[in-house]
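These notes concern the structure reproduced below.
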Amino acid sequence: MKVSYFPGCTLKTKAKDLDNYARKCAEVLGVTLEEIPAWQCCGGVFTTSRDEIATKLSSVRALNDAKQKGQPLVSVCSACHNVIKQTNAAMQNDEEFAFKVNNYISPDEYHGETKVYHYLELLRDVIGFDKLKEKVVKPLTGRKIAAYYGCLLLRPGKVMAMDDVENPTIMEDLIRALGAEPVVYAYRNECCGGYIALESKELAKEKSQKVTSNAQEKGAEAIVTACPLCRYNLIKNGTEVPVVYFTELLAEALGIKE
Amino acid sequence: MENSKQNLCNEIVRRSGVNPRKCMKCGKCSGTCPAYDEMEYHPHQFVYMVETGDIEPLLNSKSIYRCLTCFACVDRCPRGVEPAKLVEAVRLAVVREQGKNHLKADDIPELLDEELPQQAIVSALRKYSK
Amino acid sequence: MQRIGVFVCWCGSNIAGTVDVAKVAEALKSEPGVVLSTNYQYMCSQAGQEMIKEAVKEHKLTGLVICSCSPRMHEATFRKTAAAAGINPYMVEIANIREQCSWIHKDMEEGTEKAIVLGRTAIAKVNLNAPLTPGESPVTKRALVIGGGIAGIQTALDIADAGFYVDIVEKKPTIGGKMAQLDKTFPTLDCAACILTPKMVDVAQHERIRIFSYSEVESVKGFVGNFDVTIRKKARYVKEDVCTGCGLCTEKCPQKKVPNEFNLGMDNRRAIYIPFAQAVPKVATIDADYCTMLKTGKCGVCSKVCTAKAIDYTQKDEFIEEKYGAIVAATGFNPISMDKFDEFAYSQSKDVITSLEFERLMNAAGPTAGKLLRPSDGVHPHKIVFVQCVGSRCASCAEKGKEYCSKICCMYTAKHAMLTRDKYPDTDVTVFYIDVRTPGKQFDEFYRRAVEEYGVHYIKGMVGKVSPEGNKLIVQGSDLIANKQLKIEADLVVLAAAIEPDKSARPLATMLTASMDTNDFFTEAHPKLRPVESPTAGIFLSGACQGPKDIPETVSQAGAAAAKVIGLLAKDKLTGNPCVAHSDEMMCNGCSSCEKVCPYGAITYSDKEFRGPNRTTLIRRVASVNEAICQGCGCCTVACPSGAMDLKGFASKQIMAEVDAICK
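Chains as they are written, first to last, in the working numbering: chain A, 1 to 258; chain B, 1001 to 1130; chain C, 2001 to 2664.
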């Protein structure tokens, strides 16, 4: 199976592990990630204002490219995924907005036809955790792993529609499929501080430390995330605990990563 | 003057798609906000002040740069008010004015460190600058 | 030719504000058959009705058109007026120029024009009306009450005390409902069991009341006065008439790990159980999902220890058929699931509980024998936070919460807070509230006492997040008065979960053809004037199945429902609706289309002899309608391909005349 793939800026530089392992694991699982040609940066955050057009064009172009190929669009980075999915929803539901955007991508017209998956959704809904479990060669038995969702992966819940916003299970189910034991803690869906790290180190520290210490207190040996900025904040500003991308964990269990 | 303020208020409401009248003043948004202590005006106050047309203080407040856009208030609001969208619309009203960029490209090198992902910079630029 | 009188009502300014009533009366004067057309301020008042009666006499009227409010409101009133004036009541037509006209139009000219058209339509119909005489049907003098909580109990007792037989169907092994699970009751703080259990005993001992416990309504047929109901008595594997309720089996059963629903799963019971000490009937029940004997055929301990020989592993569900004149829905409520509200960490910590769970923790017969202990570690909590409105007043998404106010939470939270402070003065109690709603006798005084005498901290604001950290719960919430975000280290968090109708109500409503609102509460025939009756005749509503209610209100409503049932059962015969279907045998081609669509089973076919040409006799199969069963819905008239089936009072030619009048 082939899907369109939007890696995003950070995955080409600071978060190469997120990208590399995503591709390799997908191959093992029988899915080819076909990178969108000449993709442009998603902008990192979705601007909720209805009159913001230009900032959403890169997402729409990627979505439209996938539509032309008749493929779903997959991204791994939480931020890219959030921007693309929210943009797609706006193209479906806000006619006035879609009309303005379509002026830019003429002669094509796009109205949110592309199915958008986060890589985790690809694993759960397309491949299936049961199938994934069969491919695990090095189960992570005995390891206690905490999933960190942050905010971008789940919210706004109505649009992202990936999981229960307050009690998500997708990453825990993944961790379980890989043979490890998931650790549930209250701060897994609270903000790490995000880009406020640039403005207020203290706030970023406070937020990140809450997350890492809460996870550690509940017994986590490591934290997994899908977001490069979350990972940065948790490592830089949190308490000492290993923070890795979920794709690294996946690669390890599939025997791709040592 | 009064009129132009009201116009801006209407514009903010239109742009955000938020109907502040839906608010039942329970304060759950502010109860859940992770940036609360950094803010002079809190999410529920944004909603109330836009509803009553008292937006001047918001335009001049650093609070508009403190929202993390984490959408916790959006998802947890029992009435579907979506305060974060309102904060964003107020911030846009400011940064869209000439020379009002909160983060300038020249400031960035100073903020960088070895591990900082690009994502942080593009996000901040999108939030703080036009 | 009819002699029709037209009476245009102002309804004060309700109609006259947007409809020029004088102009309407004037315009309708020239319609065919009209001999009088006039207007008056309140047609439904005594003066208005007298005016109609005198006009009938003076002008020798044979038909009446009243241009007023909805026929649902006053059709009956004007039919009575007509009868009193000596005209057949079915010679009256109502033109609804209020709900369908003045209330929805703002423009006087438009409103007036439409009112004239509606009046003209009614006149066209009256011109074709014929006098109708309703038939009669007998009344079965027995009532069925569905649900054995305090609502059902009170309704049953009141009906039975008036001399009628009542059956209660309760799906659980005992009656008592939610009230049996409560500790104390506001605002007087009497113990729930002390005031409920005597009533349960009254029910059990009442010579005119039968209890079908562990039973469900399987099907309902018939109509007001004559319902045929099938009740499924679920197999409890214990002979009800033999079991003495000694409870020995419930002590000896080796299957000890069954979550005890009476204590909301906070402790365990055995596979054979009696829900609580004062259960009625006090009879054991085997939980087939957990019983080793029923599942594997190996065990039989309960049977061995039972001296009364009451255990019967071969028992099957039993079906009982009974006739009733009236049915009362009293299916009650449940707290909503907290699954979608995990920002309050209900699934993450045992020390985040719902208010109903708190009731059990405070109750002497509860899992902690009435000692307030944390479910996680059995330690006494020193700091308790109550969160109000969890899932109530929640408009953001229907799948998460409920848009309505659950009504009872403000008061029971004040009660919980007060009782905690009274019993454990060393425990600090904080309540987060959006509004404190205490309309009710002695209610606000009660709440103020919690604050002023018992020192409960009330904080205006909502909790945004609860985080279990260590053995504490960090409660982060708004204090809107102080304009602060609070972080409170609590030992126990109690959520006032919204309440919703019991899940059994929806399928029951379908069986009863009783209407419900979007929240699955039963709708009343009129929200103000007929609050305990369903719009479906013979179906009555008692308690929280109609809307959130506290105990005082439930008991009042239960009594009101009983009064309505008694009013019905006291009649020997019911006057039917004469607007029923009628088949013209000469036109009927015997196709059975009508029989198939009739929802009431009112149509039957039979072979009849008809006279054919040349003195021959033909046998034809034709339809006939049982007028006592027909409800006048009209399905058959639409299904009939030959035009043989027609509805009295709503004949096709009458409807066509109305349509023509509109299109004129």
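Think of the CB as a built atom: it goes at the ideal place given N, C-alpha and C, for glycine as much as any other residue. Note that the structure is a prediction, hence the values are computed from the model and not measured.
Just measuring C-alpha positions, the residue of Val241/A, Val126/A, Ala253/A and Asp108/A sitting nearest Val31/A is Val126/A.
Of all alpha-carbon atoms in Asp1106/B, Glu1088/B and Gly1080/B, the one lying nearest the alpha-carbon of Ala2395/C is that of Gly1080/B. Distance from the CA of Asp1037/B to the CA of Asn233/A, rounded to the nearest whole angstrom, comes to 19 Å. Following the DSSP letters along the chain, one finds Phe2212/C inside the beta strand (DSSP E) bounded by residues Ile2209 to Phe2212. Residues of the stretch 2311-2342 of chain C that bring their beta carbon within less than 8 Å of a beta carbon in chain A comprise Asp2339, Lys2340, Phe2341 and Asp2342, in sequence order. The C-beta distance from His1042/B to Tyr1065/B rounds to 14 Å, too long to fall under 8 Å, and the pair is not in contact. In this structure, Val45/A places its C-beta atom within 7 Å of the C-beta atom of Ser1123/B. Lys2573/C: member of the beta strand (DSSP E) spanning Lys2573 to Thr2575, first to last residue. Neighbours of Ser2467/C in chain A, taken as residues at a C-beta separation under 9 Å, are given in chain order as Tyr185, Ala186, Tyr187, Glu190, Lys210 and Asn214.
The DSSP-derived three-state label of Leu1008/B is helix. Taking all protein chains shown into account, Asp2167/C has 16 or more neighbouring C-beta atoms within 10 Å of its C-beta and is therefore buried. Tyr104/A is classed as exposed because its beta carbon has fewer than 16 other beta carbons within 10 Å across all chains shown. At a beta-carbon threshold of 8 Å, the residues of chain A lying near Ala2345/C are Ala186, ordered along the chain.
Around the beta carbon of Ala1105/B, fewer than 16 other beta carbons sit within 10 angstroms, so the residue counts as exposed. Under DSSP, Thr2140/C takes part in no beta bridge, so it has no partner.
In the displayed model, Phe2443/C falls within a helix according to three-state DSSP.
For Ile2434/C, the closest Cβ of chain B is nearer than 7 Å. Taking every protein chain shown into account, the CB of Met2656/C has fewer than 16 other CB atoms within 10 angstroms, so this residue is exposed.
If you look at His118/A, you'll find it isn't in any alpha helix (DSSP H); it sits in the beta strand (DSSP E) that goes Val116 to His118. If you check the CB distance, Asn2268/C and Arg2360/C do not come in under 7 Å. In the pairwise beta carbon analysis, the stretch 2627-2635 of chain C is classified as touching the stretch 2580-2595 of chain C: at least three pairs are separated by under 8 Å.
Considering only beta carbons, the part of the stretch 137-163 of chain A lying closer than 7 Å to chain B consists of Cys151, Arg155, Pro156 and Gly157, in chain order. In the three-state reduction of the DSSP assignment, Phe2223/C falls in the strand class.
If you look at Thr2038/C, you'll find it in the beta strand (DSSP E) that goes Val2034 to Tyr2040. Here Ile36/A is buried. Its C-beta has 16 or more other C-beta atoms within 10 Å. Residue environment: Glu2318/C is assigned as exposed (fewer than 16 neighbouring CB atoms within 10 Å of its CB, all protein chains considered). Ranked by how close their Cα comes to the Cα of Ala2083/C, the residues Leu2569/C, Pro2254/C, Met2073/C and Glu2054/C have Glu2054/C in first place. In terms of Cβ geometry, Ala2308/C and Thr2244/C form a close pair [threshold 7 Å]. For Tyr1036/B, the nearest beta carbon of chain C is closer than 7 Å to its own beta carbon. Gly2461, Met2462, Val2463, Gly2464, Lys2465, Gln2476, Gly2477 and Ser2478: these are the residues of the stretch 2452-2479 of chain C whose beta carbon lies less than 7 Å from some beta carbon of chain B, given in chain order. Remark: C-beta atoms of Gly255/A and Gln209/A do not approach each other more closely than 7 Å. Scanning the stretch 92-150 of chain A from its first residue to its last, the whole alpha helix (DSSP H) runs of 4-plus residues come out as 95-105 and 129-135.
Short of 8 Å from the beta carbon of Asp2190/C, and not among the five residues preceding or following it, lie these beta carbons of its own chain, in chain order: Lys2184. Residue state for Gln2388/C is assigned as strand, using DSSP reduced to three classes.
Under a 10 Å Cβ-count criterion, Asn167/A is classified as buried, with 16 or more other Cβ atoms of the shown protein chains found around its own Cβ. In the DSSP annotation of this structure, the continuous segment of the beta strand (DSSP E) that includes Val74/A starts and ends at Leu73 to Ser75.
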